[in-house]
Structure formats: structure tokens, C-alpha cells
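For the sequence shown, the residue numbers in our numbering are 8 to 342. Even for Gly, the Cβ is constructed at its ideal location relative to N, Cα and C. Heads up: the structure comes next, in C-alpha cells.
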Amino acid sequence: MPGFRRSDDVNSALGVALARQVRVRAMRYEAEGVCRVELTPLAPDASLVPFEAGAHIDLHLPGGPVRSYSLLSGQGDVSRYVIGVHLHPASRGGSRHVHVAMRPGDVITIAGPRNHFKLAEDAGYSVFIAGGIGITPLLSMMRRLNELRRPWELHYAARTRMQAGFLDDVRELAAGGEGRVTIALDGEPGGTMLDIAQVVSQAPQRAHFYCCGPMGMLEAFEAATVSVPPVQVHTEYFVPRQKSDTTGGFEVRCARSAKSVQVRPGQTVLHALLDLGVQVPYACEEGICGTCEVPVLEGNPDHRDSVLTQQEKDAGKTMMVCCSGAKSDVLVLDI
Ligand code: FES
């Protein structure tokens, strides 16, 4: 999952406090505009923090940008993290830095892993739908299902074969377990569009569905799965579904630090907290990475993120403070 936001000095300082350094061990061309990056511990015999399939890490890049990328390697492999980085056309420092300036041997700072896109390991059948770089978190999930010897199918859409990264991984995974793969290349002569509604309608009734890709694909996926029980539907967004709430006009109380602040119009809860001197980790500031999730003790959040499920939003036990506001006059947060 690529994130697209800057950080400021406060975030950089905070991120460093939570983060660790790793070495860029290898970089490889994967597809047009996509490179594969392997990160290893600085010490030869050290291990990285374990993670679960679907997790991502944050890269703290020179000059301040923080970007989130899904881990595509196997969750049992703590000797390395492998990510895929798509060069965003408008990038000025994040993915562009990775593609243009980063080199094997560099030491970089990362934070995480975190996981808001979890695999239901006990599902009898799993259906994965990927668009472009959205394949990356699904690769670690398919690796895990192969370890568990559970069946899955993948529908992978890209414009052309040159733009479809990680095809070697996909073939290897299909050969190494009980997976079936369909690749839809709608920009190739005779190519076809992926019919997501048909994929969903033809899947076993209790299948779990996963989708990661561009907004149009995610919207088609949500429409196709509208009558599937929500617990069986899993999405990861690259771009925010909603605008951040900056209406302000409510109070935020911090239970642990006994501080409180009035959120002003034009301000997010995150920036009100940072102005107050309360440290909250954050990265994307768009409600897509989950870094800024905070427990809610009292009050009614106005959720604007693309991370929490509808059930989690209805429960109101946590909120993403970078983008969500309040429907109540007061929010009490467990920070
Ligand atoms: S900082 Fe990414 S969800 Fe809030």
C-alpha cells in the first residue's frame, strides 16, 4: 500500500523515536514504474520485527516524507522485508526518491509493521482481486495460504504485461499451493476487462474477498460485494474515500496526559493534539495507513478514514485522528 503525504519535523522526530534502521539489500526492476526493494537488518544475524500477511511498513525518507508500503514477502521470514514501490507520476520525494536516489547499501529508517488488512486464515476459500501495485499485500496473503494449504484464487488486472509486476511471484505461488490465477490485461490487443461482479457471483458462498487497487476497481468491488456479509469483505485503499473533517468546534480531552484542546475550524484533531504537545504517530494524514489510530473512551467520532470497517466505525472504540472529527461536543481519547 503506497501512502502519499509529507511529514513535518514533529512527525519526523516522533517517527524516529518509534522506528529502526535497516539496510537496502537489493533493488530490482519489476515492471514499468515498479521496483522491488529488499530490506535487511544492519547486523548480519539480527532479525526484523515479525509481521502478519497484509501488513505494511512506513519508510521515513530523506527530507521528511513518510510513505507506507505493503510487505510482499512471507510472514515467517524475519530476515528481510520486501516491498514493491510504484513511481507515482506526481511524486516529488517519496516514490521518486526510492526510484531515483535510493541504492543498495543505503541505510534507511522504517517504522512498523502494522496491519489493517488482515487475512482470515481459517476461511475455507479466499478470492483476491488486485489492480497494478495493489498485488503487493495479496502476495503475502497467498504465501500464507499456501503454507496453510488452503485454496485461493487471484484475479490480477493491469493495462499491459509490461506494467504487471510480480508475475514470477504469482506463477510461483500458483505452482506451490492450491491457487488459481487469472490475469486480465485490458490494454493488450484482444485483452479484456476484469469482470468483478462475475468473479464475486461465481465464488463459493462462504468465500472471503480481498481487493487492493485503484479507486475505480475498489468501487466496483464494493458494489459487487454489497450483499456479502461484511466480515467476508476486505479492502485496502491507496487514496482516501472521504475528505478529512476540519469543521472543528469540539473539545478533545486526553485521558492519560490530562490535557485538553478545542479543535478549531480548519484544523484536524491530529494537528490540535500536536499543537498541544501530545505525540501521536502518523504518516499519510489521509486516513489510509492506520498509523494514527487512537482509542476512544467517550464521545462519538465522525469517521472519515478508509481503514476501519463499518462495524469498527459503528463501535466507535478507536478513530484515526488525522482525518476524523466528532459528532459530539467532546471526545475523550486514551492518550
Ligand atoms: S496518518 Fe495515516 S491514517 Fe492517519
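- Unbroken alpha helix (DSSP H) runs of no fewer than 4 residues, entirely contained in the segment 271 to 309, are found at 276 to 283, following chain order.
- Straight-line spacing of the CA atoms in residue 236 and residue 219 works out to 18 Å.
- In the three-state scheme derived from DSSP, where H, G and I count as helix and E and B as strand, residue 150 is classed as helix.
- Residue pairing for residue 224: DSSP places it in no beta bridge.
- Counting along the chain, no beta strand (DSSP E) covers residue 317; the unbroken alpha helix (DSSP H) around it starts and ends at 317 to 322.
- Taking the Cβ of residue 290 as the reference point, at least one heavy atom of ligand 1 falls within a distance shorter than 7 Å.
- For the pair residue 137 and residue 145, the CB atoms are nearer than the 8 Å cut-off.
- Judged by beta-carbon spacing, residue 47 lies within the 8 Å limit of residue 87, meaning their Cβ atoms are closer than that value.
- Short note on residue 298: C-beta closer than 7 Å to some heavy atom of ligand 1.
- Within the DSSP secondary-structure output, residue 138 pairs in a beta bridge with 164.
- In the pairwise beta carbon analysis, the segment 238 to 254 is classified as touching the segment 309 to 328: at least three pairs are separated by under 8 Å.
- Taking the CA atoms as reference points, residue 319 sits about 11 Å from residue 238.
- In this structure, ligand 1 has no non-hydrogen atom nearer than 7 Å to the beta-carbon of residue 252.
- If you look at residue 205, you'll find it in the alpha helix (DSSP H) that goes 203 to 208.
- Distance check between residue 106 and each of 192, 188, 257, 33 places 33 closest, using alpha-carbon atoms only.
- The alpha-carbon separation between residue 258 and residue 286 amounts to approximately 17 Å.
- Residue 114 and residue 255 have their C-alpha atoms spaced approximately 40 Å apart.
- Its Cα nearest to that of residue 241, the residue 122 stands out among 27, 122, 49, 95.
- For residue 186, DSSP records a beta bridge to 159.
- The nearest non-hydrogen atom of ligand 1 is 7 Å or more from the C-beta of residue 169.
- In the DSSP annotation of this structure, the continuous segment of the beta strand (DSSP E) that includes residue 73 starts and ends at 73 to 77.
- Taking 8 Å as the cut-off, the beta carbon of residue 264 is found closer than this to the beta carbon of residue 342.
- Residue environment analysis places residue 155 among the exposed positions, since fewer than 16 neighbouring C-beta atoms fall within 10 angstroms of its C-beta.
- Annotation for residue 47: the continuous beta strand (DSSP E) segment containing it runs 41 to 47.
- Residue 157 has its alpha-carbon roughly 14 Å from the corresponding atom of residue 60.
- Residue 293 has its CB nearer than 7 Å to a heavy atom of ligand 1.
- A distance below 7 Å between beta-carbons, with the five flanking residues on each side excluded, links residue 299 to the following residues of its chain, in chain order: 277, 287, 288, 289, 327, 328, 329.
- Distance check between residue 293 and each of 332, 174, 79 places 332 closest, using alpha-carbon atoms only.
- Taking non-hydrogen atoms of ligand 1 into account, the C-beta of residue 65 is found less than 7 Å away from none of them.
- In the structure shown, the three-state DSSP call for residue 68 is coil.
- Of the candidates 78, 69, 84, 36, the residue whose Cα lies closest to the Cα of residue 53 is 84.
- If you ignore the 5 residues before and after residue 262, its C-beta comes within less than 6 Å of the C-beta of 304, 339, 341, all in its own chain and listed in chain order.
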